[in-house]
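The block underneath contains the structure these notes are about, expressed in structure tokens.
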């Protein structure tokens, strides 16, 4: 940074930088997240007996946060207090943001509590960081409580506040609360973004609220937004879970009209819809397209395909499927390949035993799906 170069030039010319010069250099380091350089400048200040002020410390704390060093950011807050400096809202907010980026919700909440305990005025961005941490920690109730606390303190949540709150509700499987926040956001005349719609539709999918998901999806053009792969996937998932197989398949076909390439998640939703509707030919057509793209089916889809092969006596198709699955295994991972094939075989055996009236068929299927869900196989699905 130019400010750091100028600071070094001052030292070479036997000029002693003051706190303003150091603070300018520290601010430059903070903007680009150069925590190591910022810390070194802080120590240089102390070595030359230039006392760092709250502004200087805040810059270093923020630089550490951007560099993914929440422990060091919190240590600097403690160091400020030991040196008789009272951290201000900016310093606290920087430390809170550092903890939030690391997903350390409890520490972010504790720091917010300290800030309020010191009777400092938090900023909207301060709350946004804590709400974001709650989102990462799948704590929707805490996120909603923070939004409520903002309003009590006469702070107006912005689009980022609501997006994080809705995402927290989505991850916490609270569709009703996500929809409430979405409505509240619009009442505040805040414009929902694609992120907002995707999170809300995903929450509807988890709550099997297919009608709400379709309504939100249909509203995209009126909001000047375009559906992306995530939007389609979430809406298809909501329809599939709600037993609306026709709508799920229609959405899958509409992806190509929107010049979007289906992902594995897209195929999963469409294939589950076909399976549930008993559309065997469409199911296997999608499976062929999936393999042609080099995508790998997950355990649930593989089990469904094998089930349809067994139920409809498609022996050749079943054998071809197992061969294709075997070909997806890395040669270097014989144990993984064996597990996958054993899992496939267990599913087939279980289905056959159920057809024969044996009660242990279900347990065989569960063992097979467990084998297919091993972490190694899950890794292959990405």
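Residue numbers (this note's numbering): 2 to 383.
All C-beta atoms, glycine included, are put in the ideal place defined by N, C-alpha and C.
Predicted model only: the values in this text are computed from it and were never measured.
How do the region 276-284 and the region 255-265 stand: do at least 3 beta-carbon pairs fall below 8 Å, yes or no? Result no; under three Cβ-Cβ pairs closer than 8 Å.
Under 7 Å between C-beta atoms of residue 234 and residue 276: Not in contact: residue 234 and residue 276 (Cβ atoms no closer than 7 Å).
CA-to-CA distance, residue 30 to residue 64, given in whole angstroms: Taking the straight line from one Cα to the other gives about 7 Å.
Kindly indicate which three-state DSSP category residue 37 falls into: helix, strand or coil? The three-state secondary structure of residue 37, taken from DSSP, is helix.
State the Cα-Cα distance for the pair residue 20 and residue 53, rounded to the nearest angstrom. Answer to the nearest angstrom: the Cα atoms are 7 Å apart.
Which class does residue 229 belong to by DSSP, given the choice of helix, strand or coil? Correct three-state label for residue 229: coil.
What would DSSP say about residue 47, mapped onto helix, strand or coil? In this structure, residue 47 counts as helix in the three-state DSSP scheme.
Whole angstroms are fine: how far does the CA of residue 241 sit from the CA of residue 325? One Cα belongs to residue 325, the other to residue 241, and the distance between them is close to 26 Å.
For residue 228, which residues in the same chain have their Cβ closer than 6 Å to its Cβ, ignoring the five residues on either side in sequence? Cβ within range, chain order: 221.
Counting along the chain, where does the alpha helix (DSSP H) carrying residue 213 start and finish? Here the alpha helix (DSSP H) through residue 213 covers 211-220.
For residue 121, tell me which candidate among 146, 304, 135 and 154 has the shortest Cα-Cα distance. Ranking 146, 304, 135 and 154 by Cα distance to residue 121 puts 154 first.
Backbone CA spacing between residue 318 and residue 272 [nearest angstrom]: Rounded to the nearest angstrom, the gap between the Cα atoms of residue 318 and residue 272 is 16 Å.
Coil, strand or helix - residue 333 by DSSP: For residue 333, the pLDDT reaches just 34, beneath the cut-off of 50, and the residue's location in the model is therefore unreliable, although a value from the coordinates is still provided. Residue state, collapsed to three classes: coil.
I'd like the list of long-range same chain contacts for residue 101, defined as Cβ closer than 7 Å, with 5 residues on each side in sequence excluded. Around residue 101: 109, 130, 131, 133 and 134.
Using 10 angstroms around the beta-carbon of residue 171, count the other beta-carbons present and answer buried if the total reaches 16, otherwise exposed. By the 10 Å Cβ count, residue 171 comes out buried.
Hey, out of 307, 290, 104 and 287, whose CA is closest to residue 71's CA? Ranking 307, 290, 104 and 287 by Cα distance to residue 71 puts 104 first.
One question on the structure: do residue 123 and residue 116 come within less than 7 Å of each other, judged by their Cβ atoms? Yes; because the gap between Cβ atoms is below 7 Å, this pair is in contact.
Assigned exposure category for residue 211 - 16 Cβ within 10 Å defines buried: The residue is buried, with at least 16 neighbouring Cβ atoms inside 10 Å.
Please report the distance separating the alpha-carbon of residue 204 from that of residue 74. When only Cα atoms are considered, residue 204 and residue 74 end up about 34 Å apart.
How should residue 178 be labelled, buried or exposed, when 16 other C-beta atoms within 10 angstroms of its C-beta is the threshold for buried? Buried.
Take residue 323 as the anchor and find which of 249, 307, 287 and 148 has the nearest alpha-carbon. For residue 323, the nearest C-alpha among the options comes from 307.
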